[in-house]
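Protein chains in written order, with full-length UniProt numbering: chain A, 1 to 326; chain B, 1 to 263. Cβ coordinates follow ideal geometry from the N, Cα and C atoms, glycine included.
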């Protein structure tokens, strides 16, 4: 059995829009438009999409916050809304923008409270807390009231809070949003470590694609409430034709650059002293040997495809029909 | 149960962290309830009867009303924060914890400073019952205990039901206040003071007559000038339970209807 099973999951919101001076029109907006998904135990899933694509709405349906308009959701075999309290014991939730901690109490007190709320045996709680303290460097601010913590410190606190009851699935909504580089690294490192252990399933929404590249073997891209890609990052590149580039720096401009088979010339820069080839079927060696015969090579470098470019292109693909009033 | 106790403990700790300010809050909170009593006293300064009832009789109703309201306000009044939680989406945090939503919400910020109000309200009731010259029978003693408890449940249900509206309509705070605080004022006077559709709606439509007026009639041994039989005074617990059931149903529907906010 998969840890997460979604079948035709939909969420519609009715919004009232002004139509004329007094009249208001009801309009149905589909935030999630039929998502089918299976996530296995121990998977690290990146769930991405542009603003308003339905990422957070999906996550809220998976955690029992929102009831689906149609379709089925199962998490750990439970129905998120109907079995909300039982499910809460098995999942951890970090919503970047919303704190789970007690604002006026020291961080340590929040952790202690959570132990009671989740009925965690003292020994398990202590062991998990010790691990988080070590990996996330919590000791310096454990006795500080939450309202006085920096965003980075608070986020490390939130992560700990979400893990103290040993959840089977951890949902993270924008866990690195607004963090400085050091805190981002700390959070990513911690999640990577968690993923390596292999028994916690991670579902992560983010705008920061570095999170995905660093953490997630599997990537689900949604747009307009539908899944537009589900697979590895490599598969995404393959599908959307992103290729590695070879950049050759020359000593002198070359008026007629060679055209090796399987590696078309992508662009010419620096007045012809820099040539950029796209690697399709050819390898780096073919490009280099084609150039070596006609020019003096100063430097050759390979540029890995940028996931950000791919995703940006994906988002720009024409949207399905604009939502009509229902 | 242990979980709820832990929540309550945390609340007590953060609220009593500043002792002097907590004590001032305790004192300040008595104020509102004192005002209810003073208003009634002032009215009886210019008239000997109100709706056919003497001061001592009316004070029994004031006591029933203010003790029930103050205790309900202490336990459930905190739900007034719901519209804010719904608007900001902070209600999400309540939904991802392994506890009932309503108890969590009530304990998350239990206003301990309102304890003084509850104590004062019960005090008013005891004094009013003592001075009203009631012919005490075992049945009346039982009613004097049960009626305020039913009142607490009833007011609590009104608090919950009116707050629930904010799941559909976020700016519902004023509507909620007009029913809850309006209900408190309504129950501080004999129902006979009011007239027409207003009396029908508040007293019997919403059921406020069963908080203080009907039980007070039984306690005082008076027939209802409006013609309801004596057992109406004993209907208070049943009315409270119906109200609680309706409020619980409204709450469950409301939570399902919660829309959260964008991330």
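- Using a threshold of 8 Å, state whether the C-beta atoms of residue 144 of chain B and residue 129 of chain B are closer than that. Counting from 1 along the second chain, the entry for residue 144 of chain B is found at position 144. Counting from 1 along the second chain, the entry for residue 129 of chain B is found at position 129. Yes, they are a contact pair.
- Message: Relative to the C-alpha of residue 301 of chain A, which candidate in A/88, A/92 and A/278 has its C-alpha closest?
- Response: Reading the first chain from its first residue, position 301 is the one you call residue 301 of chain A. The residue among A/88, A/92 and A/278 with its C-alpha nearest the C-alpha of residue 301 of chain A is A/278.
- Query: Does residue 21 of chain B get closer than 8 Å to chain A when you measure Cβ to Cβ?
  - Reply: The residue you call residue 21 of chain B lines up with position 21 of the second chain. Residue 21 of chain B does not count as touching chain A.
- Item | Alpha carbon of residue 14 of chain A to alpha carbon of residue 28 of chain A, nearest angstrom | Working through the first chain from its first residue, we reach residue 14 of chain A at position 14. Working through the first chain from its first residue, we reach residue 28 of chain A at position 28. C-alpha separation (whole angstroms): 5 Å.
- Of all Cβ atoms in chain B, is any one closer than 8 Å to the Cβ of residue 64 of chain A? Here the question's residue 64 of chain A lines up with position 64 in the first chain. Yes, residue 64 of chain A counts as interfacial toward chain B.
- Message: Given this structure, state the Cα-to-Cα distance separating residue 91 of chain A from residue 163 of chain A, to the nearest angstrom.
- Response: Taking the first residue of the first chain as 1, we reach residue 91 of chain A at position 91. Taking the first residue of the first chain as 1, we reach residue 163 of chain A at position 163. Distance between the alpha carbons of residue 91 of chain A and residue 163 of chain A: 9 Å.
- Have a look at the DSSP bridge pairing and note the partners of residue 95 of chain A. Counted from its first residue, the first chain places residue 95 of chain A at position 95. A/98 and A/173, per the DSSP bridge assignment.
- Query: Around the C-beta of residue 97 of chain B, are 16 or more other C-beta atoms found within 10 angstroms, so that it is buried, or is it exposed?
  - Reply: The sequence position of residue 97 of chain B within the second chain is 97, counting from 1. Residue environment: residue 97 of chain B is assigned as buried (16 or more neighbouring CB atoms within 10 Å of its CB, all protein chains considered).
- Message: List, in chain order, every chain B residue whose beta-carbon is nearer than 8 Å to that of residue 113 of chain A.
- Response: Counting from 1 along the first chain, the entry for residue 113 of chain A is found at position 113. Within chain B, the residues near residue 113 of chain A are 6, 7 and 10.
- Query: Taking Cβ positions only, does residue 111 of chain B come closer than 8 Å to chain A?
  - Reply: Residue 111 of chain B sits at position 111 when you count from the first residue of the second chain. Output row for residue 111 of chain B: interface = no.
- Query: Is the Cβ of residue 98 of chain B closer than 8 Å to any Cβ of chain D?
  - Reply: The structure shown has no chain D; the protein chains it does contain are A and B.
- Using a Cβ-Cβ distance under 8 Å, would residue 88 of chain A count as near chain B? The sequence position of residue 88 of chain A within the first chain is 88, counting from 1. Answer yes: the Cβ-Cβ gap between residue 88 of chain A and chain B drops below 8 Å somewhere.
- For the beta strand (DSSP E) that residue 79 of chain B lies in, which residues bound it at each end? For the purposes of this step, residue 79 of chain B is taken as the residue at position 79 of the second chain. No beta strand (DSSP E) holds residue 79 of chain B; DSSP gives it neither H nor E.
- Proximity to residue 81 of chain A [Cα-Cα], best of B/26, B/43 and B/95: If you number the first chain from 1, residue 81 of chain A lands on position 81. Residue 81 of chain A has its Cα closest to that of B/95, out of B/26, B/43 and B/95.
- Item | C-alpha distance - residue 22 of chain B paired with residue 16 of chain B, whole-angstrom precision | As a working note, residue 22 of chain B is residue 22 in the second chain. As a working note, residue 16 of chain B is residue 16 in the second chain. Answer to the nearest angstrom: the Cα atoms are 6 Å apart.
- Query: From residue 24 of chain B to residue 173 of chain B, what distance separates their C-alpha atoms?
  - Reply: Working through the second chain from its first residue, we reach residue 24 of chain B at position 24. Working through the second chain from its first residue, we reach residue 173 of chain B at position 173. Answer to the nearest angstrom: the Cα atoms are 27 Å apart.
- Item | The alpha helix (DSSP H) enclosing residue 13 of chain A, as first and last residue numbers | Position 13 of the first chain, counted from the start, is the residue given in the question as residue 13 of chain A. Premise fails: residue 13 of chain A lies in the beta strand (DSSP E), 4-18, not in any alpha helix (DSSP H).
- Cβ distance (whole Å) where residue 113 of chain A is taken to contact residue 10 of chain B below 8 Å: The count along the first chain starts at 1 and reaches residue 113 of chain A at position 113. The count along the second chain starts at 1 and reaches residue 10 of chain B at position 10. That belief holds up - the Cβ atoms of residue 113 of chain A and residue 10 of chain B are roughly 5 Å apart, short of 8 Å.
- Message: I'd like to know if residue 118 of chain A contacts chain B, where contact means its C-beta is closer than 8 Å to some C-beta of that chain.
- Response: For the purposes of this step, residue 118 of chain A is identified with residue 118 of the first chain, where counting begins at 1. Contact of residue 118 of chain A with chain B is assigned, a C-beta pair being separated by under 8 Å.
- Query: Going by beta carbon distance, what residues of the same chain come within less than 7 Å of residue 86 of chain A, once the five residues before and after it are set aside?
  - Reply: Counted from its first residue, the first chain places residue 86 of chain A at position 86. Beyond the five residues adjoining it in sequence on each side, residue 86 of chain A comes within less than 7 Å, by CB distance, of 78 in the same chain, given in chain order.
- Determine the direct distance from the alpha carbon of residue 35 of chain B to that of residue 49 of chain B, and round the result to whole angstroms. Residue numbering aside, residue 49 of chain B sits at position 49 when the second chain is read from its first letter. Residue numbering aside, residue 35 of chain B sits at position 35 when the second chain is read from its first letter. Distance between the alpha carbons of residue 49 of chain B and residue 35 of chain B: 20 Å.
- Query: Nearest to residue 206 of chain B by alpha carbon, out of B/189, B/246 and B/219?
  - Reply: One-based indexing of the second chain puts residue 206 of chain B at position 206. Ranking B/189, B/246 and B/219 by Cα distance to residue 206 of chain B puts B/246 first.
- Less than 8 Å separating the beta-carbons of residue 263 of chain A and residue 297 of chain A? The sequence position of residue 263 of chain A within the first chain is 263, counting from 1. The sequence position of residue 297 of chain A within the first chain is 297, counting from 1. It is not a contact, given that the beta carbons lie outside the stated cut-off.
- Task: Kindly confirm or deny that the stretch 70-89 of chain B and the stretch 108-116 of chain B touch, where touching means at least three C-beta pairs closer than 8 Å.
- Result: Yes, since at least three Cβ pairs between the stretch 70-89 of chain B and the stretch 108-116 of chain B fall closer than 8 Å, the two stretches touch.
- Message: Under 8 Å, Cβ to Cβ, is there at least one residue of chain B near residue 185 of chain A?
- Response: One-based indexing of the first chain puts residue 185 of chain A at position 185. Judged by the 8 Å Cβ criterion, residue 185 of chain A is not in contact with chain B.
- Ranges of the alpha helix (DSSP H) found wholly within the stretch 227-290 of chain A, counting only runs of at least 4: Here the runs fully enclosed are 233-239.
- Look up residue 321 of chain A in the DSSP assignment and say whether it is helix, strand or coil. For the purposes of this step, residue 321 of chain A is taken as the residue at position 321 of the first chain. Since pLDDT at residue 321 of chain A reaches only 46, below the 50 mark, its modelled position is unreliable, and no value is offered.
- Nearest-angstrom Cα separation, counted from residue 166 of chain A out to residue 126 of chain A: Mapped onto the first chain, residue 126 of chain A falls at position 126. Mapped onto the first chain, residue 166 of chain A falls at position 166. When rounded, the distance between both Cα atoms is 12 Å.
- Going by beta carbon distance, what residues of the same chain come within less than 6 Å of residue 157 of chain B, once the five residues before and after it are set aside? The count along the second chain starts at 1 and reaches residue 157 of chain B at position 157. Taking residue 157 of chain B as the centre and dropping the five residues before and after it, the same chain places the C-beta of 243, 244 and 247 closer than 6 Å to its C-beta, in chain order.
- Identify each residue in the stretch 71-95 of chain B for which the Cβ-Cβ distance to at least one residue of chain A is less than 7 Å, and report them in chain order. Going along the stretch 71-95 of chain B in chain order, one finds 89, 90, 92, 93 and 95 with a Cβ nearer than 7 Å to chain A.
- Could you spell out where the alpha helix (DSSP H) holding residue 73 of chain A opens and where it closes? Along the first chain, one-based indexing puts residue 73 of chain A at 73. No alpha helix (DSSP H) contains residue 73 of chain A, which is instead part of the beta strand (DSSP E) from 70-75.
- List the DSSP bridge partners of residue 30 of chain A. Along the first chain, read from residue 1 onward, the residue named residue 30 of chain A stands at position 30. Answer by DSSP bridge pairing, in chain order: A/12.
- Neighbour flag for residue 249 of chain B against chain A, beta carbons, 8 Å: The residue given as residue 249 of chain B occupies position 249 in the second chain. Nearest CB-CB separation between residue 249 of chain B and chain A: not below the 8 Å threshold.
- Item | 8 Å Cβ cut-off: residues of chain A touching residue 14 of chain B | Position 14 of the second chain, counting from 1, holds the residue named residue 14 of chain B. Within 8 Å Cβ-Cβ: 102, 104 and 105.
- Starting from residue 205 of chain A, follow the beta strand (DSSP E) in both directions and report where the run begins and ends. The residue given as residue 205 of chain A occupies position 205 in the first chain. Segment 201-205, the beta strand (DSSP E) holding residue 205 of chain A.
- Item | Under 7 Å (Cβ pairs) to chain B, residues found in the stretch 151-178 of chain A | The stretch 151-178 of chain A vs chain B, Cβ under 7 Å: 173 and 174.
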